[in-house]
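One structure is given here, and the rest of the page talks about it.
Residue numbers (the working numbering): 18 to 332.
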């Protein structure tokens with residue numbers, strides 16, 4: 018049996034108005050065209066659904082029997098169409114988002130704020146992970162889109178850079194290197210270090226930069242949390258290598274941030290997705306918001322924001 022939505026709508030309108038001419042007018046078609054739809058429907062079900070007289074139209078027993086079912090079918094179809102439209106326009110749906118900790122305290126909050134204002138019907142599910150686990154969250158499909166970075170090329174993943182971030186040395190204001198405008202990896206190697214885990218992109222990029230000039234940084238303390246690292250620096254327990262973007266949102270207290278030179282260590286921050294999969298409308302909307310927010314972020318190459326904040330803290 019091959020019933021069409023148009024046939025069912027013609028049938029329910031005919032039952033509602035008990036008039037083929039009125040039902041045809043409601044559908045915006047001629048009465049002969051409407052009558053053809055009813056004949057096709059009756060041929061398909063193999064029964065007469067209406068009794069026709071010169072004065073009125075009324076349902077047969079078979080017509081009354083299937084009327085409620087036809088009405089429910091049309092209502093369910095309308096609901097399906099509404100849901101599909103809401104999903105297409107990103108008015109409803111669920112978005113699973115992965116991010117790395119340093120982005121979670123820098124680029125992510127203003128992006129989420131703007132996204133929530135523009136798309137309040139989208140439910141967000143978060144997956145926070147260090148860089149290694151972050152990529153796996155997206156690769157495995159646990160997260161549809163990620164905001165962070167990619168440590169190495171992966172044919173299963175597509176990465177779109179949005180902004181750059183440089184690593185800096187965070188020093189207690191009384192640290193021997195604190196008066197320098199910049200520091201080097203070789204100079205830092207003489208002092209106690211506070212480093213994040215090697216699952217973090219911060220640690221990976223710091224180790225690479227130091228190794229390129231023959232420096233092997235032996236951590237005195239290894240942590241998972243950037244905020245804990247800042248606390249240890251403020252307590253005078255050593256220096257920490259941290260991302261400049263994250264420091265913009267932290268209370269450095271008596272600590273100062275200095276660019277690490279020879280060489281500088283950079284990270285590209287951006288959107289991570291699976292390369293062979295089409296993004297949902299909600300994910301596309303989130304990506305557009307993230308691009309706009311990232312474009313407004315100050316250039317980390319200048320190091321101006323951390324530097325001015327640090328000098329205010331020293332005073």
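All C-beta atoms, glycine included, are put in the ideal place defined by N, C-alpha and C.
- For residue 210, the enclosing beta strand (DSSP E) has its first and last residue at 210-213.
- Residue 186 and residue 102 have their C-alpha atoms spaced approximately 50 Å apart.
- When DSSP states are grouped into helix, strand and coil, residue 245 belongs to the helix group.
- Between the beta-carbon of residue 191 and that of residue 253 there is about 7 Å, and that keeps the pair under the 8 Å contact cut.
- By the Cβ neighbour-count rule, residue 193 is exposed, with fewer than 16 other Cβ atoms within 10 Å of its own.
- Just so you know, the alpha carbons of residue 112 and residue 258 end up roughly 33 Å apart.
- The closest CA to that of residue 89, considering only 281, 28, 105, 249, is found on 28.
- Here residue 167 is buried. Its C-beta has 16 or more other C-beta atoms within 10 Å.
- For residue 140, DSSP records a beta bridge to 111.
- DSSP, read as helix, strand or coil, puts residue 90 in helix.
- 306 is the residue among 51, 306, 67, 313 whose C-alpha sits nearest the C-alpha of residue 130.
- With 16 or more neighbouring CB atoms inside 10 Å of its own CB, residue 183 falls in the buried class.
- Contact between residue 107 and residue 302 holds, since their C-beta atoms are separated by about 4 Å, short of 8 Å.
- Taking C-beta atoms under 8 Å as the contact rule, residue 238 and residue 205 fail to qualify, at a distance of about 14 Å.
- Counting the other CB atoms within 10 Å of its CB gives residue 287 a total of 16 or more, which places it among the buried residues.
- Listed as beta-bridge partners of residue 68 by DSSP are 75.
- Contact between residue 120 and residue 165 holds, with the beta-carbon distance rounding to 5 Å and staying under 8 Å.
- By the Cβ neighbour-count rule, residue 244 is exposed, with fewer than 16 other Cβ atoms within 10 Å of its own.
- Within the same chain, and ignoring the five residues on either side of residue 175 in sequence, the residues whose Cβ sits closer than 8 Å to its Cβ are 289, 290, 291, 292.
- Restricted to the stretch 150-182, not a single alpha helix (DSSP H) segment is unbroken, complete and at least 4 residues in length.
- Annotated three-state conformation of residue 145 is strand, per DSSP.
- Selection 58, 49, 18 evaluated against residue 26 yields 58 as nearest (Cα-Cα).
- In this structure, DSSP gives residue 207 a state outside helix and strand, which the three-state scheme calls coil.
- Residue 133 counts as exposed, since fewer than 16 other C-beta atoms from the protein chains shown sit within 10 angstroms of its C-beta.
- Closest option to residue 73, judged by alpha-carbon separation, among 35, 227, 285: 35.
- Listed in chain order, the non-local C-beta contacts of residue 247 below 6 Å within the same chain comprise 267, local neighbours out to five positions each way being set aside.
- As a beta-bridge residue in DSSP terms, residue 240 pairs with 213.
- In this structure residue 147 is in contact with residue 217, their Cβ atoms being roughly 5 Å apart against a cut-off of 8 Å.
- The three-state reading of DSSP puts residue 46 in coil, since its state is none of H, G, I, E or B.
- Annotated three-state conformation of residue 35 is coil, per DSSP.
- Taken through DSSP and simplified to helix, strand or coil, residue 314 comes out as coil.
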